[in-house]
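The block underneath contains the structure these notes are about, expressed in structure tokens.
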Ligand SMILES: O=C(O)CC1=CCC(=O)O1
């Protein structure tokens with residue numbers, strides 16, 4: 001657990017040492033970097049690992065939130081830690097940030113693992129409605145609907161303590177931070193940029209993900225030269241939690257191909 005103030009916000013991060021190409025984990029809307037813990041424990045590579053709570057999430061400050069700021073925080077932190085090109089592994093908005101980093105700082109990206117994400121996620125109407133709901137009624141008012149997108153029915157009925165814990169993670173997210181990231185997602189579209197990605201890329205979809213359905217992830221993969229597409233059964237929007245072993249396997253395999 002460590003903190004650094006960059007770009008006028010204090011960010012919470014965890015950096016562990018290892019050998020070879022580092023792996024950087026970027027989490028989704030309403031989650032913090034603990035969603036990667038089970039994956040990290042199951043990696044078969046001993047790489048340096050960086051996890052961070054994006055602005056407005058976890059123990060990081062709120063600050064003004066735009067996609068450029070979210071991307072800039074990752075690159076500034078990587079520079080601060082003197083990191084070289086890494087496998088950038090992002091889920092959902094984390095996948096958008098990863099695509100933004102590949103465009104803005106290709107020197108920091110050795111490969112991309114894009115989980116449950118698209119070149120664009122949702123539409124302006126949906127994000128504006130969500131921002132309004134957070135501002136008027138708070139995140140808790142939407143929690144059940146969000147958890148239905150995050151997790152399969154089997155997870156929600158069979159892992160009640162985990163469900164309660166992840167609900168806590170969600171509703172304890174700063175409302176300002178949550179709304180700010182919704183706006184950053186609303187304003188981001190990497191459709192034109194995706195065909196310019198040259199790094200080895202693997203896209204993972206959750207077969208029953210209601211937030212970024214398989215077709216959206218497949219469409220992203222088809223825009224990126226040579227990208228691999230994989231669909232995980234019994235998996236909603238957060239493969240790092242619901243299918244951690246399969247996710248760790250895919251990350252380890254991609255990592256082993258990188259130079
Ligand atoms: O809350 C959701 O709908 C899931 C989600 C969309 C973007 C993101 O990062 O998470």
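In the UniProt record's numbering, the protein residues as written are 1 to 259. We put the CB at the ideal spot given by N, CA and C, even for glycine. Here the structure is a predicted model, which is why all the values come from computation and not from measurement.
- Residue 69 and residue 127 do not touch by the CB rule: their CB atoms are close to 17 Å apart, not below 8 Å.
- In the structure shown, residue 44 adopts coil according to DSSP, grouped into three states.
- Classified as exposed, residue 157 has fewer than 16 neighbouring CB atoms from the shown chains inside 10 Å of its CB.
- In summary, residue 198 is exposed, with fewer than 16 beta-carbon neighbours lying within 10 Å of its beta-carbon over all protein chains present.
- The straight-line gap separating the alpha-carbon atoms of residue 248 and residue 239 is approximately 10 Å.
- Taking 8 Å as the upper bound for CB-CB distance, residue 180 and residue 62 are in contact here, some 7 Å apart.
- For residue 185, the uninterrupted alpha helix (DSSP H) segment begins and ends at 175-186.
- Between residue 110 and residue 133, the C-beta gap is not smaller than 7 Å, which leaves the two residues out of contact.
- Per DSSP, residue 33 lies in no alpha helix (DSSP H) segment and is marked neither H nor E.
- Using a cutoff of 6 Å, the CB of residue 121 counts as near ligand 1, since one of the ligand's heavy atoms is closer than that.
- Between ligand 1 and residue 211, a heavy atom-to-CB distance of less than 6 Å is present.
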